[in-house]
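Chemist:
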Amino acid sequence: MTNVIEIEGLRKSYRRRGGTTVAVDGLDLTVPEGGVFGFLGPNGSGKTTTIRCVLGLALPTKGVIRLFGESVAEGLREAVQRTGAIVETPALFPTMTARENLRLLAAVDRIGPGRVDEVLAIVGLADRAGDLVKHYSLGMKQRLGLAAALLKDPDLLMLDEPANGLDPAGMREVRQLLRQLADDGRTVFVSSHVLAEIESTCDRVAILAKGRLVTHGTVEEVISTAGHRASVLVKVDDLDLGMWALRDAHFVAERVNDELRVDVAPERAGDVTRVLAAAGQWVTELRPDRFSLEDVFLELTSTADVSEAQLEQVVA
Amino acid sequence: MNLLTTEMRRALHRRAVRVMIAIALVGCGFAGIVAYLASRGKTIARLRLDEGNPAVMTNWWIADDHVGVLSVGMFFLFLGGFFAGATVAGAEWRAGTITTVLTWEPRRLRLHSARLTSGAVLAFVISFGLQVIFLASLVPAVVFNGTAEGVDGSFWLNLAVVVARTSVITAAAAILAMSLATAARNTAFAVIAMFAWIVVIEGLIRTLKPSLSSWLWGETVTTVMSWSRLDTVEIARGPLMSAVTLAAYLAVIIGGAAISFQRRDIAAGS
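Those protein sequence lines, which keep their order, are chains A and B.
Sequential numbering from 1 applies to the first sequence in the working numbering.
Sequential numbering from 317 applies to the second sequence in the working numbering.
1. Using a Cβ cut-off of 8 Å, pull out every chain B residue sitting near A:M334, in sequence order please.
2. Within 10 Å of its beta-carbon, does A:S192 have 16 or more other beta-carbons around it, so buried, or fewer, so exposed?
3. How big is the Cα-Cα spacing for B:F450 and A:L159?
4. On a CA-only basis, which of B:V458, B:F440, B:L319, B:R331 is nearest B:T359? Give me that one, please.
5. So is A:K62 buried or exposed if we call it buried at 16+ other beta carbons inside 10 Å?
6. For B:L363, is the classification buried or exposed, using 16 other Cβ atoms within 10 angstroms of its Cβ as the cut-off for buried?
7. Who are A:R11's beta bridge partners in DSSP?
8. Quick check: is the beta carbon of A:A91 nearer than 9 Å to any beta carbon in chain B?
9. Curious, which full-length alpha helix (DSSP H) runs of at least 4 residues does the segment 221-298 of chain A contain?
10. Comparing the C-beta of A:Y136 with each C-beta of chain B, is any distance below 9 Å?
11. Using DSSP bridges, identify the partner residues of A:V205.
12. Per DSSP, A:I198 forms a beta bridge with which residues?
13. Which class does A:D127 belong to by DSSP, given the choice of helix, strand or coil?
14. Taking 9 Å as the threshold (beta carbon to beta carbon), is B:A574 in contact with chain A?
15. Go ahead and pull the three-state DSSP assignment for A:N3.
16. On the three-pair Cβ rule with 8 Å, is the segment 92-107 of chain A touching the segment 123-141 of chain A?
17. List the residues of chain B that A:G56 touches, going by C-beta distances under 7 Å, in chain order.
18. Measure from the alpha carbon of A:T284 to the alpha carbon of each residue in A:V272, A:R15, A:R290, A:T20, then state which is nearest.
19. Going by Cα to Cα distance, which pick from B:T416, B:L556, B:N369 is closest to B:L454?
20. Cutting at 7 Å between CB atoms, please list the residues of its own chain near B:A488, excluding the five before and the five after it.
21. Check the Cβ of A:R107 against every Cβ in chain B and list those closer than 9 Å, keeping chain order.
22. How is the alpha helix (DSSP H) around B:T322 delimited, first residue to last?
23. Give me the Cα-Cα distance between B:T374 and B:F394, rounded to the nearest whole angstrom.
24. What three-state label does DSSP hand B:E518 in the structure shown?
25. Which same chain residues end up closer than 7 Å to A:G217 when comparing Cβ atoms and leaving out the 5 residues on each side of it in sequence?
26. Can a CB atom of chain B be found closer than 9 Å to the CB of A:G9?
27. Strictly under 9 Å for the Cβ-Cβ distance: is B:V335 near chain A by that measure?
28. Could you check what DSSP says for B:P370 in three-state terms: helix, strand or coil?
29. Would you be able to state if there are at least three C-beta pairs under 8 Å between the segment 16-23 of chain A and the segment 533-548 of chain B?
30. Under 7 Å, CB to CB, which of the residues in the segment 4-28 of chain A have a partner in chain B?
31. Tell me which residues share the same chain as B:G462 and place their Cβ nearer than 6 Å to its Cβ, disregarding the 5 neighbours each side in the sequence.
32. So if I threshold CB-CB distances at 7 Å, which residues from the segment 407-418 of chain B count as touching chain A?
33. Using a beta-carbon distance cut-off of less than 8 Å, what residues from the segment 164-179 of chain A approach chain B?
34. Could you please give me the residues that DSSP links to B:A509 through a beta bridge?
35. Tell whether a beta-carbon distance below 9 Å holds between A:R82 and A:I5.
36. Can you tell me where the alpha helix (DSSP H) with B:S544 in it begins and where it stops?
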């Protein structure tokens, strides 16, 4: 499998009054071809700075970045022709219509007007293509940015927080679109701090905290690094009765939403069902209480080594 | 070529540019009406006595004196070119569209050159067109009330040269403003810096060190516009030397802006 993005030892620091701010510190990352790659991290963890460096918008202080095997420092033009991107909020001319904005961009790469209408339809803006962008909601601007990124029919899509400003239905549409684009053979690199947006869509993820990579791999691999909780979740008809039955049998059980969490290794789940059956409570669902990507994300980003990789590290 | 035409279309979409063109067109129409009304009912002899009356066509540009009706618009065209250039370049930074464009054309010097070239071409064409429209608005005064006597080939040639020269200066103003706005990533900076320099700094230099006046932007641009040596300056320079000086100043500012655009990061909100 070839890598679309290769980052080795990326460091990006900015001079500020009174010192230097390190935004990204020694980042090594490879993004394989195909699939959706989630680039996760809390606000200010260095995601956008990394994307800016990959796209040549910011010059790395140190490190090497290759896009489609070409060094960004030398062969950026060729690589960018195969890349569609949204960096932060999609910026387009507010006093032009959506169609005019896209046609102007398309003209740079000799892309015909037919493709403009095609991408407007893909993102669901065909009916509003003649409206001035200044009258668009944030969600519509986000869709328009996505349309602009799709214009080149790119092999790689780099999307920085693409669901910003979208309502739940819009978020779902974007997730489906990203999945569809990846299934068509493209590589979709999407940065986000909204975990729900990522977990169901991504094939692989990398988690960034305070300018450093804390983990990466497939979603399953990343979740498994956190291990499993020694508990199971059980559904029965009468939760209170079930809980007291378990407690009488010396299990630690608590009610969580519409199910019971029982502190017991999943291998001993049979003991739980036996106790509940004896109390007349038939188990309708039983599953191990897994960590979610969000749990892993919160744990890793909150425990990342702050002393060495502070985002706002000030070097006097 | 694609980039060039794209940048031109982008610039023409700026509302400020369109408003300035509209104001200039209204001004041209107004000037035509005033010229017609002011010359109505007057004899040709009387019109000739009025200094620079546009109903007498030879007053449009008097080559020997380097003055004429066209002088009126030169200053406004320079200012218009400057404001338009500043707003076109500055707005890209304010709206963040520069980031979007760079994800399509990452070769920054190429992009910068295309933008400056498109700005210069547009400023030249618009300035040329507005001057032609301005002169055309004076035609009714000439035809119905005045005279075209004395108009010959050399008059038209001189007129064309003046219109072209003014258009070149308008283009230079646009490039200057675009460069300043690009370097500072801000429209207001370009306008304020230019205003402060021309009015405050050059005013001080003129008062405290008059011998340096011929090096100032104000004197240099005025000399090139009128294409005659200024009598008001202690050590006046000829128009050709002034044009070379102006070109050198521009080259330094354009070069500085290009280096800044090439080297600095395109950061959020920059």
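All C-beta atoms in this analysis are idealised placements derived from N, C-alpha and C, irrespective of residue type, glycine included.
Predicted model, so just to flag it, every value in this text is computed and none were measured.
Modeler: The short version:
1. This structure cannot speak to residue 334 of chain A, because chain A is shown only from 1 to 316.
2. Walking along the first sequence from the start, residue 192 of chain A turns up at place 192. Per the 10 Å Cβ criterion, buried.
3. If you number the second sequence from 1, residue 450 of chain B lands on position 134. If you number the first sequence from 1, residue 159 of chain A lands on position 159. For B:F450 and A:L159, the distance between alpha carbons rounds to 50 Å.
4. The sequence position of residue 359 of chain B within the second sequence is 43, counting from 1. Nearest option by C-alpha distance: B:V458.
5. Within the first sequence, residue 62 of chain A is the residue found at index 62, counting from 1. Flag for A:K62 reads exposed.
6. Indexing the second sequence from 1 puts residue 363 of chain B at position 47. Result: buried.
7. For this step, residue 11 of chain A is matched to residue 11 along the first sequence. BP columns for A:R11 point to A:D25, A:K62.
8. Residue mapping note: residue 91 of chain A aligns to position 91 of the first sequence, counting from 1. Cβ-Cβ to chain B under 9 Å: yes for A:A91.
9. 239-248, 269-278
10. As a working note, residue 136 of chain A is residue 136 in the first sequence. By this cut-off, A:Y136 is not an interface position.
11. Translated into positions along the first sequence, residue 205 of chain A becomes position 205. Bridge partners of A:V205: A:G38, A:G217.
12. Counting from one through the first sequence, the residue named residue 198 of chain A turns up at place 198. In DSSP, A:I198 forms no bridge with anything.
13. Counted from its first residue, the first sequence places residue 127 of chain A at position 127. DSSP places A:D127 in helix when its eight states are reduced to three.
14. Counting from one through the second sequence, the residue named residue 574 of chain B turns up at place 258. So no, B:A574 is outside the interface.
15. For the purposes of this step, residue 3 of chain A is taken as the residue at position 3 of the first sequence. Three-state result, A:N3: strand.
16. yes
17. On the first sequence, residue 56 of chain A is found 56 positions in, with the first residue counted as 1. The contacting residues are P422.
18. Locating residue 284 of chain A in the first sequence gives position 284, where the first residue counts as 1. Considering only alpha carbons, the answer is A:V272.
19. Here the question's residue 454 of chain B lines up with position 138 in the second sequence. That would be B:N369, whose Cα lies nearest to the Cα of B:L454.
20. As a working mapping, residue 488 of chain B is identified with position 172 in the second sequence. Same-chain partners within the cutoff: L562, L566.
21. Counting from one through the first sequence, the residue named residue 107 of chain A turns up at place 107. For clarity, residue 107 of chain A is Ala in the given sequence; the question names Arg instead. Per Cβ cutoff of 9 Å: N318, L319, T321, T322, R325.
22. Numbered from 1 along the second sequence, position 6 holds the residue referred to as residue 322 of chain B. Counting along the chain, the alpha helix (DSSP H) containing B:T322 begins and ends at 318-328.
23. Indexing the second sequence from 1 puts residue 374 of chain B at position 58. Indexing the second sequence from 1 puts residue 394 of chain B at position 78. Answer to the nearest angstrom: the Cα atoms are 24 Å apart.
24. Translated into positions along the second sequence, residue 518 of chain B becomes position 202. Helix.
25. By 1-based counting over the first sequence, the position of residue 217 of chain A is 217. Cβ neighbours of A:G217 beyond the five flanking positions: R204.
26. The residue given as residue 9 of chain A occupies position 9 in the first sequence. By this cut-off, A:G9 is not an interface position.
27. In the second sequence, residue 335 of chain B corresponds to position 19, counting from 1. Taking Cβ atoms only, chain A never reaches closer than 9 Å to B:V335, which makes this a no.
28. The sequence position of residue 370 of chain B within the second sequence is 54, counting from 1. Residue state, collapsed to three classes: coil.
29. no
30. none
31. The residue given as residue 462 of chain B occupies position 146 in the second sequence. These residues qualify, in order along the chain: S355, L363, A371, V372.
32. A411, G412, T413, T415, T416, L418
33. none
34. Within the second sequence, residue 509 of chain B is the residue found at index 193, counting from 1. BP columns for B:A509 are empty, so no partner.
35. For the purposes of this step, residue 82 of chain A is identified with residue 82 of the first sequence, where counting begins at 1. For the purposes of this step, residue 5 of chain A is identified with residue 5 of the first sequence, where counting begins at 1. No; because the gap between Cβ atoms is not below 9 Å, this pair is not in contact.
36. Position 228 of the second sequence, counted from the start, is the residue given in the question as residue 544 of chain B. B:S544 -> no alpha helix (DSSP H), and no H or E assigned at all.
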